[in-house]
Amino acid sequence: MSDHSATHGPRPPTTVMVLAALALGVAACSASSTTSEPPASQAAASQTAVSQAPSVAASTAAGGTTITMSGVTFSETEITVPVGKVTFVNQDSVTHILAEGENGKEVASPRVQKVSVAGGNQGDMEFTVAGDYHITCLVHSTMNMEVHVQ
1 MSDHSATHGP RPPTTVMVLA ALALGVAACS ASSTTSEPPA SQAAASQTAV
51 SQAPSVAAST AAGGTTITMS GVTFSETEIT VPVGKVTFVN QDSVTHILAE
101 GENGKEVASP RVQKVSVAGG NQGDMEFTVA GDYHITCLVH STMNMEVHVQ
């Protein structure tokens with residue numbers, strides 16, 4: 001039997017580096033990611049009109065309903081929610097100013113306070129009275145949705 005390293009010599013450093021890089025790549029791809037609830041201090045900060053935005057789609061959770069704004073459109077054009085807050089998450093790079101109204105124009109006597117949501121942030125709109133609300137972006141007149149509050 002012959003000695004492997006005697007006939008073939010030691011492996012070149014390039015081969016060892018490639019194998020090490022592959023091992024690191026596999027380890028990185030197999031690492032699991034977890035999400036958790038933010039600490040109470042962060043939860044309080046997220047209730048302000050503008051804060052850092054998570055990447056989420058429209059959903060309903062214990063804290064209310066979340067609508068995503070991306071591509072200058074709402075993730076939903078019509079929703080039915082209980083009295084409470086709706087969180088608008090802005091995944092665009094531009095600011096959206098949301099108000100009760102249609103086609104970029106606010107109604108004369110709005111029942112909800114308008115909210116400005118900078119790109120990459122989120123803002124809450126509080127619906128305290130049951131009814132039907134038309135919500136529009138004052139900056140982008142094609143952004144319109146209906147919120148039915150029960």
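Here the sequence shown stands for residues 1 to 150, numbered as in our numbering. Cβ atoms here follow ideal geometry from the backbone N, Cα and C, with glycine treated the same way.
In the three-state reduction of the DSSP assignment, THR77 falls in the coil class, being assigned neither a helical nor a strand state.
Here the stretch 89-100 makes contact with the stretch 113-120; the two share three or more CB pairs at distances below 8 Å. Secondary structure at GLN122: strand, using DSSP grouped into helix, strand and coil. Under the DSSP assignment, MET145 falls in the beta strand (DSSP E) whose first and last residues are 144-149. Around the Cβ of SER109, a 10 Å sphere holds fewer than 16 other Cβ atoms; the residue is exposed.
Note on geometry: alpha-carbon atoms of VAL83 and ASP92 lie some 27 Å from one another. Shortest Cα-Cα distance from HIS148 to any of GLU126, GLY71, MET69, THR73 involves GLU126.
The distance from the Cβ of ASN90 to that of MET69 is about 5 Å, consistent with a contact at the 8 Å cut-off.
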